[in-house]
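Right, one structure below, let's go through it.
Residue numbers (my numbering): 32 to 94.
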């Protein structure tokens, strides 16, 4: 997941904010090496499983 996020984070972030209005800057704070924390915050805020979040992030990147 790390390699997916590193080069594409700004694009992913914009798409997540557009799709999920309830997300804020703190929810989407990305720190390299702390991808699991980001996924955990998204799981809680969006009420989705880790698998669902990971799949959605990968889908955003490939679109």
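Glycine included, every Cβ here is placed at the ideal spot set by N, Cα and C.
N- and C-terminal bounds of the alpha helix (DSSP H) containing residue i
i	result
residue 54	That residue, residue 54, is in no alpha helix (DSSP H); it is neither H nor E in DSSP.
residue 81	81-93
residue 71	66-77
Cβ distance (whole Å) where residue i is taken to contact residue j below 8 Å
i	j	result
residue 92	residue 41	At roughly 12 Å, the Cβ-Cβ gap does not stay under 8 Å, so residue 92 and residue 41 are not in contact.
residue 61	residue 88	In fact, because the Cβ distance is near 11 Å, the residues do not count as touching under 8 Å.
Residue i at chain C interface by Cβ criterion, 8 Å
i	result
residue 72	This model lacks chain C altogether, as it is built from one protein chain only.
| request: Tell me, please, whether the stretch 81-88 touches the stretch 56-63 by the rule of three or more beta-carbon pairs shorter than 8 Å. | output: Put simply, the stretch 81-88 does not touch the stretch 56-63. Fewer than three CB pairs are less than 8 Å apart.
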